[in-house]
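First up is the structure itself, then whatever we jot down about it.
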Amino acid sequence: MTDTPPIKIRLDKLVKRFPGQARPAVEELSLEIPEGEILILVGPSGCGKTTTMKMINRLIEPTSGRILLDDEDVTHGDPDKLRRRIGYVIQQIGLFPHQTIAQNIATVPGLLGWSKERIAARVDELIGLVGMDPADYRDRYPKQLSGGQRQRIGVARAMSADPDVMLMDEPFGAIDPITRDRLQNEFLRLQAEIKKTIVFVTHDIDEAIKMGDRIAILREGSQIAQFDTPERILVNPADEFVSDFIGRGASLKRLSLSRVRDIEPSTWPTVTVGDDPAVARRTLEETDRGSLLVLDEHGAPRSWVTAEHLQRSSGIDGGLPVATVGSAATLSDTLNEMLTARYSTAVVVDDTGRYTGVVDIDTINEAIRGMRSAERERQRSSLAKGAAT
Amino acid sequence: MNFFRYLSSRWDDLLELGLAHVGITVLAVLIATVLGVGLGMLVYRNPRARQFVIGTTSVFLTIPSLALFGLFISWMGVGTTPVVVALVMYSLLPIVANTIVGLRQVDPAIVESAQGMGLTRVQRLWRIELPLAWPVVLTGMRVATLITLGIAAIGAYISGPGLGNEIFAGLSRISSPNALNQVLGGTLGVVVLAILFDMFYVLLKRLTTSRGIR
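Those protein sequence lines, which keep their order, are chains A and B.
Sequential numbering of the first sequence, starting at 1, is according to our numbering.
Sequential numbering of the second sequence, starting at 390, is according to our numbering.
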């Protein structure tokens, strides 16, 4: 691969043996983590993924092997100093309940000896960055926050001293599904700006596919079963263990990797509110579609009308409600909209809400087929290259 | 002489004895707090050391106070010193026990995140664990204070300061007209002090506990 960024963290033959256990928790793991990417460690419980992550900031000391951060060996030396360079977020969040939000976020900058003014400015900046109002929240205590807000502050606290590297241990694990989805999206948006190197542990393959730039699927003893991008893991699982772990519906999962803007939407015959029903009827007769899309005066989709509607006196003012999606929506969201809508076609709208095209089942099917053949093509060419050398 | 006539005539003396009683109690509890919290911090993560410290301080509390004071005479003589030493011994158990309980009930996730952020062992203890355990430690100090107030009265037996002197004075001439008033006066004085200390601890808890954990 040519687009691989430089390596930020290198794990070199890491071993962790806990006393009294026959098998090591981590057996000779070597892994290279590219800079500015989210690397997901995912695997069944007990596979050693959390142990592996905690060796990076040495909350668990490796039995043998080396950890290199920016090509510097950090396996020895002061672990507390190392930890101040690495953001750390855990599932239980672990905010300090006796301290205000501002004091919580100020912890590491305080340890690093920043000035008061610099810390205060950074605290406000971070509270704003995670989508909260600094004036309203900085003097609150953790117990006065909702679960989702605590998680955001947990992330803000981990970023306080602007570390290059963040470790996140099931950070969204204890949050209700709806809030989790929102926080994941927010975090991805944030990451697109801050470009940290993130090691993210989860047992949830769907979360891994959604959040990861690269995924390491681990089996017992923290052995890498497959290390690749989410797309390639879904298309081409390395072995039975991986395909079992991905579970059924790999095609469905891939839909959450593509967005509406990546595919070619189809067009649909439209009429505008206020048009003569007779014109509408003629348009409908001329097309092979069973309905027309009614747009309002600004070009925003309003309703679907069929021949039946047009025969009624309501004309094009009636019709079925429209399911709309933005161009950034994933195909999985789009499919979901289509399945829940009365009329099973989703209308794509631009940022101002104007109609730009439609997506139906055929379009999505086409997209899946396209992904598959592109992947096959890629494999074939890499095989050919291997044969040539 | 009725009790109120006795009170008005002996008011000055009772106040002075009461202040001395407060002084010796505060001194003993403060020393016990420094020792107890320190011991608690040292042993709370080690089950064996924990058992040993709790066991030892429990034994202290079961020694009859009169016997302990008697034993101390041959070693430290009489007066304030042996009384304070004994009171510290009696105060240790509630303070050590509550320090251990308080530190052990701190959510491990909070400690782990503190460690993950790079707080040293000492910083974690002073900035995170101890403040979170503080309300429980304070309850231990309150119990220790009540125990000390009662036992300090008996310290007058070996010439310790405080309201016990009035009680023992009454007991030593039990048939004289004022004897009962003296015993009653000393005893009620201790009760009043206990109530005042209790109020003080309520206030102290409010002032020294973070709003985030109240």
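Where a beta carbon is used, it is the ideal one built from N, C-alpha and C, also for glycine.
Quick check on DSSP: helix, strand or coil for residue i?
i, result
"Gln149 of chain A", "helix"
"Ser256 of chain A", "coil"
"Ala323 of chain A", "strand"
"Asp275 of chain A", "coil"
"Ile304 of chain A", "The residue you asked about is not Ile; residue 304 of chain A is Trp in the sequence shown. In the structure shown, Trp304 of chain A sits in a strand (DSSP, three-state: E or B)."
"Tyr395 of chain B", "helix"
"Glu61 of chain A", "coil"
"Phe604 of chain B", "Absent from the model: residue 604 of chain B. The displayed extent of chain B is 390 to 603, so no value can be given."
"Gly357 of chain A", "strand"
"Glu405 of chain A", "In the structure as shown, chain A starts at 1 and stops at 389, and residue 405 of chain A therefore has no counterpart that could be examined."
"Met53 of chain A", "helix"
"Ala346 of chain A", "strand"
"Leu592 of chain B", "helix"
"Met168 of chain A", "strand"
"Asp296 of chain A", "coil"
"Ile563 of chain B", "coil"
"Thr352 of chain A", "coil"
"Ile40 of chain A", "strand"
"Arg516 of chain B", "helix"
"Ser266 of chain A", "strand"
"Val467 of chain B", "coil"
"Asp496 of chain B", "coil"
"Val15 of chain A", "strand"
"Ser30 of chain A", "strand"
For residue i, is the classification buried or exposed, using 16 other Cβ atoms within 10 angstroms of its Cβ as the cut-off for buried?
i, result
"Trp523 of chain B", "buried"
"Gln379 of chain A", "exposed"
"Asp169 of chain A", "buried"
"Gly48 of chain A", "buried"
"Trp304 of chain A", "buried"
"Gly459 of chain B", "exposed"
"Pro237 of chain A", "buried"
"Glu264 of chain A", "exposed"
"Leu82 of chain A", "buried"
"Ser160 of chain A", "buried"
"Gly46 of chain A", "exposed"
"Pro19 of chain A", "exposed"
"Met588 of chain B", "exposed"
"Ser480 of chain B", "buried"
"Ser30 of chain A", "exposed"
"Leu292 of chain A", "buried"
"Phe433 of chain A", "There is no way to answer for residue 433 of chain A, as the model of chain A reaches only from 1 to 389."
From residue i to residue j, what distance separates their C-alpha atoms?
i, j, result
"Asp406 of chain A", "Ala250 of chain A", "Only positions 1 to 389 of chain A appear in the structure, and residue 406 of chain A is not among them; the question remains open."
"Gly173 of chain A", "Arg182 of chain A", "13 angstroms"
"Glu220 of chain A", "Leu431 of chain B", "37 angstroms"
"Val453 of chain B", "Glu555 of chain B", "It should be noted that the sequence gives Pro, not Val, for residue 453 of chain B. If you take the alpha carbons of Pro453 of chain B and Glu555 of chain B, they lie about 21 angstroms apart."
"Pro471 of chain B", "Ser463 of chain B", "10 angstroms"
"Arg281 of chain A", "Leu335 of chain A", "29 angstroms"
"Asp296 of chain A", "Ala374 of chain A", "39 angstroms"
"Glu27 of chain A", "Gln504 of chain B", "25 angstroms"
"Asn185 of chain A", "Thr598 of chain B", "38 angstroms"
"Val397 of chain A", "Ile38 of chain A", "In the structure as shown, chain A begins at 1 and stops at 389. Residue 397 of chain A is therefore absent and cannot be evaluated."
"Leu257 of chain A", "Arg372 of chain A", "13 angstroms"
"Leu560 of chain B", "Leu582 of chain B", "21 angstroms"
"Leu592 of chain B", "Ala533 of chain B", "17 angstroms"
"Val442 of chain B", "Tyr433 of chain B", "10 angstroms"
"Lys13 of chain A", "Leu331 of chain A", "40 angstroms"
"Ile209 of chain A", "Pro62 of chain A", "28 angstroms"
"Val294 of chain A", "Gly94 of chain A", "52 angstroms"
"Thr272 of chain A", "Ile316 of chain A", "9 angstroms"
"Val485 of chain B", "Arg23 of chain A", "40 angstroms"
"Leu482 of chain B", "Ile602 of chain B", "25 angstroms"
"Gln571 of chain B", "Gly412 of chain B", "21 angstroms"
Considering only heavy atoms of the ligand MN, does any lie closer than 7 angstroms to the CB of residue i?
i, result
"Ser266 of chain A", "Only the bare structure without any ligand can be found here, which leaves the ligand MN out of the picture."
Output, in sequence order along the chain, the residues in the stretch 190-210 of chain A whose CB is closer than 8 angstroms to any CB in chain B. none
Would you list, in chain order, the members of the stretch 431-443 of chain B that have their beta-carbon closer than 9 angstroms to a beta-carbon of chain A? Answer in chain order: no residues at all.
Which residues, in order along the stretch 154-171 of chain A, keep a beta-carbon less than 7 angstroms from a beta-carbon of chain B? none
Taking only runs of the beta strand (DSSP E) that begin and end inside the stretch 171-257 of chain A, which ones reach a length of at least 3 residues, in chain order? 197-202, 214-219, 223-228
Mind checking the stretch 141-154 of chain A against chain B and listing, in chain order, the residues whose C-beta falls within less than 9 angstroms of any C-beta there? Listed by position along the chain: Tyr141, Pro142, Lys143, Gln144, Gly154.
Extract the residue ranges of the beta strand (DSSP E) inside the stretch 68-106 of chain A, only unbroken runs of 3 or more that lie entirely within it. 86-90
Where are the alpha helix (DSSP H) runs, 4 residues long or more, that stay fully inside the stretch 530-587 of chain B, in chain order? Segments of the alpha helix (DSSP H) lying fully in the stretch 530-587 of chain B: 553-561.
Using Cβ-Cβ distances below 7 angstroms, what residues of the stretch 54-78 of chain A are close to chain B? Of all residues in the stretch 54-78 of chain A, the ones placed with a Cβ closer than 7 angstroms to any Cβ belonging to chain B are Asn57, Leu59, in chain order.
Give, in chain order, every residue of the stretch 487-503 of chain B whose Cβ lies closer than 9 angstroms to some Cβ of chain A. Asp496, Pro497, Ala498, Ile499, Val500, Glu501, Ser502, Ala503
For the stretch 79-90 of chain A, which residues have a CB atom closer than 9 angstroms to at least one CB atom of chain B, in sequence order? For the stretch 79-90 of chain A, which is checked against every Cβ of chain B, the residues closer than 9 angstroms are Pro79, Asp80, Lys81, Leu82, Arg83, Arg84, Arg85, Ile86, Gly87, Tyr88, Val89, Ile90.
Under 9 angstroms (Cβ pairs) to chain B, residues found in the stretch 295-316 of chain A: Answer set for the stretch 295-316 of chain A: empty.
If the cut-off is 8 angstroms on Cβ atoms, which residues from the stretch 92-120 of chain A count as contacting chain B, listed in chain order? Gln92, Ile93, Gly94, Leu95, Phe96, Pro97, His98, Gln99, Thr100, Thr107, Val108, Leu111
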